[in-house]
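Numbering-wise, the sequence shown is residues 35 to 492 according to this note's numbering.
Built from N, CA and C at the ideal position, the CB exists for glycine as well.
Structure first, then comments.
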Amino acid sequence: MKLWGGRFAKETDTLTDHFNSSISFDQRLYKQDIIGSIAHVTMLAKQGIIKEEEALCIKKGLMDLLEAIEKGEVSFNEKMEDIHMNIEALLISRIGDVAKKMHTGRSRNDQVALDVRLYVREEVKELQRLLLTLMNTLIELATDHTETIMPGYTHLQRAQPITFAHHLMAYFEMLKRDYKRLEFTYHTTNSLPLGSGALATTTYPLDRDFVAEQLAFESICENSIDGVSDRDFCLDLLYSLSTLMMHLSRFSEEIILWSSHEFHFIELDDAYSTGSSIMPQKKNPDIAELVRGKCGRVYGNLLSLLTTMKGLPLAYNKDMQEDKERIFDSIDTLTMCLPIFTAMVKTMKICPQNMYKAASGGFTNATDAADYLVKKGLAFRDAHEVIGKLVLHCVTHDTSLEELSLDIYQSIHPIFEKDIYEAISLTTCVNGRSVKGGPSTAAVKAHLQKARLFITTH
Ligand code: ARG
Numbered sequence: 035m036k037l038w039g040g041r042f043a044k045e046t047d048t049l050t051d052h053f054n055s056s057i058s059f060d061q062r063l064y065k066q067d068i069i070g071s072i073a074h075v076t077m078l079a080k081q082g083i084i085k086e087e088e089a090l091c092i093k094k095g096l097m098d099l100l101e102a103i104e105k106g107e108v109s110f111n112e113k114m115e116d117i118h119m120n121i122e123a124l125l126i127s128r129i130g131d132v133a134k135k136m137h138t139g140r141s142r143n144d145q146v147a148l149d150v151r152l153y154v155r156e157e158v159k160e161l162q163r164l165l166l167t168l169m170n171t172l173i174e175l176a177t178d179h180t181e182t183i184m185p186g187y188t189h190l191q192r193a194q195p196i197t198f199a200h201h202l203m204a205y206f207e208m209l210k211r212d213y214k215r216l217e218f219t220y221h222t223t224n225s226l227p228l229g230s231g232a233l234a235t236t237t238y239p240l241d242r243d244f245v246a247e248q249l250a251f252e253s254i255c256e257n258s259i260d261g262v263s264d265r266d267f268c269l270d271l272l273y274s275l276s277t278l279m280m281h282l283s284r285f286s287e288e289i290i291l292w293s294s295h296e297f298h299f300i301e302l303d304d305a306y307s308t309g310s311s312i313m314p315q316k317k318n319p320d321i322a323e324l325v326r327g328k329c330g331r332v333y334g335n336l337l338s339l340l341t342t343m344k345g346l347p348l349a350y351n352k353d354m355q356e357d358k359e360r361i362f363d364s365i366d367t368l369t370m371c372l373p374i375f376t377a378m379v380k381t382m383k384i385c386p387q388n389m390y391k392a393a394s395g396g397f398t399n400a401t402d403a404a405d406y407l408v409k410k411g412l413a414f415r416d417a418h419e420v421i422g423k424l425v426l427h428c429v430t431h432d433t434s435l436e437e438l439s440l441d442i443y444q445s446i447h448p449i450f451e452k453d454i455y456e457a458i459s460l461t462t463c464v465n466g467r468s469v470k471g472g473p474s475t476a477a478v479k480a481h482l483q484k485a486r487l488f489i490t491t492h
């Protein structure tokens, strides 16, 4: 028997039951649904809408049901459509007619909005915790590499020497913003929709503030129509996770490049790489590739829900049932990606000599050579031209700026002296860049200090 069967003269088709049902995926909301019902029923009794004994009986029934579900003793029924009606029907079958009072002054529309908010609120905290672990791993790795010199790139061409710590801490900053976006999501989520009813509240004297307090919401949804039709908090979550995934994907791309023989800046731990079924020599960065690949589905979830929401008239429409699989999928994906990505980064072997070698080639000190001339009195544009000529000379003679003799330097411009070699050493280049936010050992150490403070205060 459907809980809404009264108005219907005939059974729904099984195709309808199957198509309409969300129990296959929303059953994961069972705990939120029960906790929400307990708060609602407590308030109904406090307001004298139902009797105290009735409330106690319903609450005990709900707690027992929760335990039974957790023990795996309960099976849900597709004919009962969703988690809300499954739980209500199960409760009626377990404690009898008193359970029929539970839904007084409530609609599934505000109920589902409540359950999803409770779920998202909890998951956001967990994702933030996983994210902090990754951020902390970056700090630890960077701490060991404030003097490890590597080439920095633009256009994937070697540009200027930096430290590995500096490169890693760029990702720290991205992840810090992701953390803050999740914080924002937490607050947009943390508002109580219950009491909105189907769309226009109810004539029962509900105490929404009391329910909000019991469920630890920081506010209540101020408009009942918005309360049941708002899924912005889901979109905030999906956007936060898309951006986080984009960052992990960029990092993955670099890990894939760095672990290639061409770069050989890092070696992935055997525990976090895989082999080939045909080529015996292969060690593949599958984890990084999968993280990069899964970015697509997380973006897809965002676009999917944005599209679902765009044409909906107020207030609730069944289209909104489509929100759940999208947010569950993004949450599940990040819940898997974050720990394995952290472990991969934590265990990868760094090859500082190869990084240094790469920074020594490709004229990453050319800017510093030009700056040397500027310090000797040349205009920067003229200095740029002079060094450009020297680089061309090196390219045609297959050599580097460090290896050129002073005679060659002076033949191109008489102002060069033997201090040019010190001026263009990679260590000088890196440590000369001690501007706040720069790659020098000192600047990165200062950044690390702030970063550690972020971790300990969050
Ligand atoms: N399963 C529904 C959902 O996920 C619950 C709300 C249904 N409300 C309704 N009036 N049909 O959105």
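Pair within 7 Å by beta-carbon distance, residue i and residue j
i    : j    : result
N556 : H298 : Within the shown structure, residues of the chain are numbered from 35 to 492, placing residue 556 beyond reach of any answer.
M343 : R265 : yes
E256 : N224 : no
L168 : L482 : no
V374 : I458 : For clarity, residue 374 is Ile in the given sequence; the question names Val instead. Contact flag unset, no.
L99  : L125 : yes
F110 : Q66  : no
L78  : I72  : no
D212 : L278 : yes
M208 : H118 : no
V75  : A147 : no
K546 : L440 : Residue 546 lies beyond the residue range present for the chain, which begins at 35 and ends at 492; the question has no answer from this structure.
G345 : L240 : no
A16  : L460 : With the chain covering 35 to 492 only, the question about residue 16 has no answer from this structure.
L435 : A404 : no
I183 : V464 : yes
S286 : V332 : no
Proximity test, residue i beta-carbon vs the ligand FMN heavy atom, cut-off 6 Å
i    : result
V146 : With respect to small molecules bound, the structure shown includes the ligand ARG and not the ligand FMN.
Cβ neighbour criterion (16 or more within 10 Å) applied to residue i
i    : result
N143 : buried
M508 : Nothing about residue 508 can be read from this structure; the chain reaches only from 35 to 492.
I312 : exposed
S274 : buried
A477 : buried
L336 : buried
V325 : buried
G95  : buried
R415 : exposed
V469 : exposed
Q145 : buried
P227 : buried
M97  : exposed
M136 : buried
D363 : buried
L161 : buried
P473 : buried
D116 : buried
F450 : buried
Cut-off 7 Å between Cβ atoms - residues of its own chain near residue i, not counting five sequence neighbours on either side
i    : result
T401 : Q194
P319 : I289, I290, S293, L302 and S307
A89  : V75, T76, L78 and A79
Q355 : S56
Opposing strand residues paired with residue i [DSSP bridges]
i    : result
L226 : I254
P314 : According to DSSP, P314 bridges with nothing at all.
M184 : I196
T308 : N318
K383 : E301
Simplified DSSP state of residue i, which is helix, strand or coil
i    : result
A43  : coil
K452 : coil
Q191 : strand
E301 : strand
I321 : helix
V30  : Given that the chain is displayed from residue 35 to residue 492, the structure contains no residue 30 and the question cannot be resolved.
V158 : helix
Y406 : helix
W292 : helix
T398 : coil
Q248 : helix
V108 : coil
A392 : helix
G330 : helix
Contacts around residue i, its chain only, beta-carbon distance under 6 Å, and the 5 residues preceding and following it disregarded
i    : result
V158 : L216, T219 and Y220
K317 : S307
R192 : P185, G396 and T398
A485 : I173 and F206
Residues near residue i by beta carbon distance below 8 Å, same chain, minus five either side
i    : result
L202 : L172, L175, A176 and H179
I300 : I289, W292, S293, M382, K383, I384 and C385
C268 : V150, V154, L339, D357, R360 and I361
T494 : Any question about residue 494 goes unanswered here, given that the chain covers just 35 to 492.
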